[in-house]
Amino acid sequence: MRHLPAKDRPGKDAWLGPLSLCLAVLSWPLPAGGPVLAVAAVACGVWSMATKTEYRLDWTAVTGTSVAVLQLLLSLMLLVMSAGGH
Numbered sequence: 013m014r015h016l017p018a019k020d021r022p023g024k025d026a027w028l029g030p031l032s033l034c035l036a037v038l039s040w041p042l043p044a045g046g047p048v049l050a051v052a053a054v055a056c057g058v059w060s061m062a063t064k065t066e067y068r069l070d071w072t073a074v075t076g077t078s079v080a081v082l083q084l085l086l087s088l089m090l091l092v093m094s095a096g097g098h
């Protein structure tokens with residue numbers, strides 16, 4: 013199904029993967045806005061991977077989504093630890 017190169021994606025859809033990666037990387041050094049940026053990065057990455065299915069998966073979308081999910085898991089773990097009194 014996915015036989016066209018990701019770099020040939022037309023229009024604004026070509027920027028969803030790099031935007032996802034950029035937001036995911038920026039979510040780590042910003043403690044207050046990190047989870048918000050991570051949610052936006054996941055949304056952009058999933059949108060990039062779910063639309064235009066004739067194009068191959070963009071490595072930046074996959075990496076950005078993965079890094080953002082790790083940020084969200086860390087934020088959730090810290091929230092649970094602080095709620096538990098640690």
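Under our numbering, residues 13 to 98 are what the sequence shown spells out, in order. Backbone N, C-alpha and C define an ideal beta-carbon position, used for all residues, glycine too. Quick caveat, the model's predicted, so the values are computed rather than measured.
Original post:
By the 10 Å Cβ neighbour count, where 16 or more other Cβ atoms means buried, how is K19 classified, buried or exposed?
Top reply: Locating residue 19 in the sequence shown gives position 7, where the first residue counts as 1. Burial call: exposed.
Subject >> Cβ pair A80, V48 closer than 7 Å >> reply: Counted from its first residue, the sequence shown places residue 80 at position 68. Counted from its first residue, the sequence shown places residue 48 at position 36. Their beta carbons are not under 7 Å apart, which means A80 does not touch V48 by this criterion.
Original post:
Taking C-alpha atoms, which residue in L42, S32, T65 and A44 lies nearest to P22?
Top reply: Numbered from 1 along the sequence shown, position 10 holds the residue referred to as residue 22. Looking at the Cα atoms, T65 is the closest of the given residues.
Subject >> Residues sharing a beta bridge with L16, DSSP >> reply: If you number the sequence shown from 1, residue 16 lands on position 4. Beta-bridge pairing links L16 to Y67.
Original post:
Could you give the uninterrupted runs of the alpha helix (DSSP H) lying entirely in the stretch 27-78, keeping only those of 4 residues or more?
Top reply: Entirely contained in the stretch 27-78, the alpha helix (DSSP H) runs reaching 4 residues are, in chain order, 28-39 and 46-62.
Original post:
Which class does G96 belong to by DSSP, given the choice of helix, strand or coil?
Top reply: Translated into positions along the sequence shown, residue 96 becomes position 84. In the structure shown, G96 sits in coil (DSSP, three-state: anything other than H, G, I, E or B).
Original post:
In angstroms, rounded to a whole number, what distance separates the CA positions of L42 and Y67?
Top reply: The count along the sequence shown starts at 1 and reaches residue 42 at position 30. The count along the sequence shown starts at 1 and reaches residue 67 at position 55. Cα to Cα, the separation comes out at about 33 Å.
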